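Enquirer:
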Amino acid sequence: MTEDMSPAERYAAAKLRAADQATALAGFRELYDFELDPFQVDACQALEAGQGVLVAAPTGSGKTIVGEFAVHLALEQGRKCFYTTPIKALSNQKYQDLVKRYGAAKVGLLTGDNSVNSEAPVIVMTTEVLRNMLYAGSQSLIGLAYVVMDEVHYLSDRFRGAVWEEVIIHLPESVTLVSLSATVSNAEEFGDWLDTVRGDTAVIVSEHRPVPLWQHVLAGRRIYDLFEERDGAKGGRREVNPDLERLARMENSRPTFGRDKRRGRTMREADRERERRQRARIWTPSRPEVIDRLDNEGLLPAITFIFSRAGCEAAVQQCLYSGLRLNDAEGRERVRRIVEARTAGIPDDDLHVLGYYEWLEGLERGIAAHHAGMLPTFKEVVEELFVKGLVKAVFATETLALGINMPARSVVLEKLVKWNGEQHADITPGEYTQLTGRAGRRGIDIEGHAVVLWQRGMNPAALAGLAGTRTYPLRSSFKPSYNMAVNLVSQFGRHRSRELLEMSFAQFQADKSVVGISRQVQRNEEGLDGYRASMTCHLGDFEEYSRLRRELKDRETELAKQGAAQRRVAAAAALEKLKPGDVIHVPTGKYAGLALVLDPGMPSGRTNGHRGFESQDGPRPLVLTAERQVKRLGSIDFPVPVTALDRMRIPKSFNARSPQSRRDLASALRTKAGHLVPSRHRKPRSAAVDDREISRLRTAIRAHPCHGCDEREDHARWAERYHRLKRDTRQLERRIEGRTNTIARTFDRICALLTELDYLEGDEVTDEGRRLARLYGELDLLASECLRDGVWEDLGPAELAACASALVYEARQADDAVAPKLPAGKARDALGEMVRIWGRLDALEEDHRINQAEGVGQREPDLGFAWAAYRWAAGFGLDEVLREAEMPAGDFVRWCKQLVDILGQIAAAAPAGSSVAKNARRAMDGVLRGVVAYSSVG
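By the count of this note's numbering, the sequence shown reaches residue 1060 at its end, each step adding exactly one.
#1: Can you tell me whether Met-625 is helix, strand or coil according to DSSP?
#2: Look at the alpha carbon of Ser-603 and the alpha carbon of Arg-464, and state the distance between them as a whole number of angstroms.
#3: Taking only the alpha-carbon atoms, compute the straight-line gap between Arg-728 and Leu-966 and give it to the nearest angstrom.
#4: Rounding to the nearest angstrom, what Cα-Cα distance links Ile-959 and Met-606 in this structure?
#5: Could you please give the first and the last residue of the uninterrupted alpha helix (DSSP H) stretch that includes Gln-215?
#6: Where does Tyr-154 fall in DSSP's three states?
#7: Compute the Euclidean distance between the alpha carbons of Gly-979 and Ala-928, then round it to the nearest angstrom.
#8: Using the C-alpha atoms, what's the distance from Arg-487 back to Val-306?
#9: Alpha carbon to alpha carbon, how far is Asn-418 from Val-339?
#10: Per DSSP, which one or two residues make a beta bridge with Asp-347?
#11: Is Val-289 buried or exposed, if buried means 16 or more other CB atoms sit within 10 Å of its CB?
#12: Exposed or buried, which one is Met-657 when buried takes at least 16 other CB atoms within 10 Å?
#13: Buried or exposed for Phe-664, going by 16 or more other Cβ atoms inside 10 Å?
#14: What would DSSP say about Cys-203, mapped onto helix, strand or coil?
#15: Could you give the C-beta distance for His-571 and Ala-561, rounded to a whole number, given that I count them as a contact under 8 Å?
#16: Rounded to whole angstroms, what is the Cα-Cα separation between Asp-885 and Gln-688?
#17: For Gly-380, which residues from the same chain have a beta carbon less than 6 Å from its beta carbon, with the 5 sequence-adjacent residues on both sides left out?
#18: Who does Phe-517 pair with in a DSSP beta bridge?
#19: On the criterion of 16 or more Cβ atoms from any shown chain inside 10 Å, does Ala-988 qualify as buried, or is it exposed?
#20: Does DSSP put Val-764 in a helix, in a strand, or in coil?
#21: For Pro-595, I'd like the list of residues in its chain whose CB is within less than 7 Å of its CB, leaving aside the five on either flank, ordered along the chain.
#22: Met-271 by DSSP, collapsed to three states: which one?
#23: What do you reckon, are the CB atoms on Ser-532 and Ala-424 nearer than 7 Å?
#24: What did DSSP end up calling Met-724 once you bin it into helix, strand or coil?
#25: Could you check what DSSP says for Glu-435 in three-state terms: helix, strand or coil?
#26: Tell whether a beta-carbon distance below 7 Å holds between Arg-320 and Leu-302.
#27: Given a cut-off of 7 Å, decide if Arg-677 and Glu-815 are closer than it, judged by their beta-carbon atoms.
#28: Give a yes or no on whether the C-beta atoms belonging to Glu-698 and Pro-741 are separated by under 7 Å.
#29: With Met-528 and Glu-553 assumed to form a contact (beta carbons below 8 Å), what rounded beta-carbon distance in angstroms separates them?
#30: Tell me the DSSP bridge mates of Lys-753?
#31: So what's Ile-1136 in DSSP terms, helix, strand or just coil?
#32: Do three or more CB pairs link the region 148-159 to the region 267-284 at distances below 8 Å?
#33: In or out: Leu-798 buried (at least 16 other Cβ within 10 Å) or exposed?
#34: Given a threshold of 16 other Cβ atoms within 10 Å of its Cβ, counted over all protein chains shown, does Glu-502 qualify as buried or as exposed?
#35: Closer than 6 Å: is that where the CB of Asp-633 sits relative to any heavy atom of the ligand COA?
#36: What's the call for Gly-565, buried or exposed, on a 16-neighbour Cβ count within 10 Å?
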C-alpha cells in the first residue's frame, strides 16, 4: 500500500502514526488483547481532547472501557478519578476489576458498608456517597479530574434519580464527566442538557450489538424463530414467522365438537384425532423442560426472567424434583469448594436458617435463583459461579437486568406481563430490550438468543413490535428535598440555589415541552375564531344563550354531587356506630355480602401507627367475610348506610393471620346469619326539583331570543365545541404556567416551611438546619424533628434501632389486615410520638402546598420492621427473628444495612452531650453482626 504513495504522502502518514502513538489512548489500547470498537475509540478521543462524554450503547457492548480510560488518564496525569455506580454490588464488582488492573494501592472503595483505601487516586463509590461528599465539601475532592457515572440512566429512577442530577450540577467545573448509559431514545436531548450544565460534551450513541441477538418463541417441543427473512421483503425487512401466526390462529379457532357442520353428521374419529394432534403442538413447556431443551440445543447458560421471587424459588425446586443435572462430578466438586470458601464466615446455625443446604444442592446441579430476597452473599456466589460457567440456569427477577455483569448465551422470558406495584401491565419495549440485552457473551458467543415462552392468547405480531422497538426515553425524576435545600442554601444562598435548581434536567425537559404546548395554544386560538363564526345566530347573542345552558347543566351536576356527598356522610356516620362483633351486609365492591366486624377502624388518634391504616374519609372497618377473607374496607365499599343485622362473639383466640381461625369463624358467621336479608335502601328525593337557581335558569333560557331559532341545536353543537376547545386552551395555558420555574417554586415552598420551623433564616442556615444537613433519606425532616424534640433521649440501643427502622423501612405491599407488632414500653411510646410529629409535618406540608404525590415531602413512617429491628439489635438469633418477621433473609439484611446507615447519620447529627449519639453507635454494633456484617469486600 505504501509503495503506491508519493514521498510526501508517506511522510504525512508517518506523522499521523507518530502523533497517534504519542496519545494516552495508544498506551491504553495496549492493555487490552482486543481491538476497540469505533464508538469506544471516538469516546476516548473526545475524552483525551478535554471534552466530557455521554456514551449510550447496548448492554454488553463494552461502554465501561470509556470509564476505564478516564481512570487511565487520571493516573497518567497524577490526578484523581471517582468511578460511581448505582448499587453496592456493582461498586464491589468494579473495585475488584480495577484492583486486578492497577493494584490495590491505587484503588479504593467507598459504599455505605465499606471504606477501603479511601485516599487512593481512584475510588469506586455509590453515587450517594459522592453527593454527600459534595455537600460536605470533602477534602477528597481536591485533585479530582474525572468522574465516571456508570448506569447514568438510573437518573430516571423515581426514588433515587435526583442524586445523579445533584452530582452532575454540583461537581466543580474543572471535573470532566463521563456518563455511561444504556441505549436511550433521547440521548441527544440528555447530551444537550449536559452541554448546558457541564460544558462541551460529546454524545456518542451506538446501536450496534457486538454479539447479534436472535429472537425465538418456544411452543411445545419446538423453538420457532420470531422473524423470517424473505426474499420479497421490501428493503430487506424481517417479517413475523408465518408458522407462529398459524399457531396463533389455530389456538384462537374454536375446537369442533360433536357434529361436522359441512356434512351434518358426526365427525369421524380420525378427524378429531388430527385436530387434537394439531392443538397438542401449542402448549407452554414446564421450567425443567425449557432448561432441558435449551441444554440439548446448546443454548446454556441461560437466565430465565420470572417477575416473582416466589416464582424463582419454585422454578429451582421444580428443576431439582425433575432430577435435572447440568454439572458433572468435577463441576459439582468445584462448586462446593467455592461455596464453602465464600460462606465460611457465616455461623452454621445461620446457614441452616438460610436454607443453605437446599441452595447448595441446586448450585451443585448448576441451577440457582437470583432475587432481592436472597442473602447478598448468596447472590454474589450465584453471580461468581454463573460467570465461571458452573451455574448454567439462573431464574431471576428483573433486578438482575440492572447493571450486574452476568451475561448469558440465552435469556428466557416466561411472560410479557409483570406487576408494576399497582397492576399487572405489559412490559415496555425498553424493559424488553434491557432484559434481553443480557443474551450473548462478548468474546465467547457468536450470537445471543432471546426466547419467549408461548402463552395462551399470545400475539406474534405484538411480540415482534416489542422486540423491534428501541424506545427507552430518559425522564428526569428530580425533586428538591429538605436536606438538599439546607445544603444548597448553606453553600450558595437562596438566590444562587434557585438558579442551580433551574439547571436541572427536569426543568430542561419541562422548558422544552413548553415550546410544543405554545404552538398548540396558537392553533387552538385559530380554531376558536372559526367556531365563534359558526355558532353566530341572527336572533341574538348565542354565546350568552350557550352560557345559560352550561350554567344549568353545571348546577344540576353540582346538586347531584351534593346528594352523593350527603349519602357518603350518612354512610360514614353509620360506619362509626359499628362495634366488634356486628354482623353486616357489605352492599357493593369486591367483598360484597355477609361480613363480621373485627375492628371498626376509627381514624382518631393514629394510635397504632400502621402505614395506610387511617383514611381521610372516615372509618375503615376490618372485617371477616363469609368467604374467610380478612380485609380492611373503605368508604367506597359503603355507598349507602349500613346497619348491624345481628351480633356475634369473637373468640379471644381468634388470629387473623391463621387460615384455620378464619375458616372456623367464617363458618360460624354463615351458620348464624346466612339467612338474614338486608333491608333495601330508598333513594331520597332529588334536590334539583325544588332548587330556585335551576328554576331561574330554565326561565331565562326559554325567554332568550335564540331559544326560538330553527338552527338552535346546530348552533349549540358549535357552541359546545367552542366551549370544549376554550377549556382545553385554558388548561394548556395553565400547563405552560405550571411548567415554567416548577422546580424553583417547589424549592421556595420547601424553604418557606423550613423557615417556619427555624431551620432557615433568610440566607442563613440555623444550628437546627445544620443538623438537618447531615440527615439524608425520605424522612430527613422527621428525623431532625425527633432529635430536636428529644423523642429518642431515654431509649436504649435496641429501642432506638426500632424507632430508626421506621425512617427507612417501607413494606413492599401495604398490609392493612393486622397492626404491626411493636416493642413495649419506651420504644412504643417513642414510635407513637414519631407518628404524631409526622402528622404535624404532614399538615404543615399541606399548608405550604408541598405535594407527596409529586415525590416531595414526608411519607408516613412505616412501623412494620420495628419489632424485627428491636429483636435483632437486642441480640436474638437469626432463626427466631426471621420467623417472627415473616421476611426473606435478603430483605432482612437489606433493611438492616439501611438501618445501620440511618443510625450512623443520627449519631453524627445528635446534639452534643446527648445520649442518642452513644446509643445510636451501640445500636449500629448490635445490628451489624452475623449475616448483616458479612461482606465480600475488605
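Positions of the beta carbon are idealized from the N, C-alpha and C atoms, including for glycine.
What you are looking at is a predicted structure, and each value in this text was computed from that prediction instead of being measured.
Expert: Taking the structure as given:
#1: coil
#2: 40 Å
#3: Unreliable positioning characterises Arg-728 in this predicted model, as indicated by a pLDDT of 42, which lies under 50. The coordinate reading is nonetheless provided below. If I take the Cα positions, the gap works out to 17 Å.
#4: 21 Å
#5: 210-224
#6: coil
#7: 16 Å
#8: 38 Å
#9: 16 Å
#10: His-338
#11: buried
#12: buried
#13: buried
#14: strand
#15: 6 Å
#16: 49 Å
#17: Reliability fails at Gly-380, whose pLDDT of 47 lies under 50, so the model's placement of it is uncertain and the value that follows must be treated cautiously. There are no such residues.
#18: Thr-426 and Ala-491
#19: buried
#20: coil
#21: Val-306, Ser-307 and Asn-308
#22: strand
#23: yes
#24: coil
#25: helix
#26: no
#27: yes
#28: yes
#29: Incorrect: roughly 17 Å between the Cβ atoms, too far for contact.
#30: Val-745
#31: The chain is shown only over 123 to 1060; residue 1136 falls outside these bounds and no answer can be derived.
#32: no
#33: exposed
#34: buried
#35: Absent from the structure shown: the ligand COA. Ligands present: none.
#36: exposed
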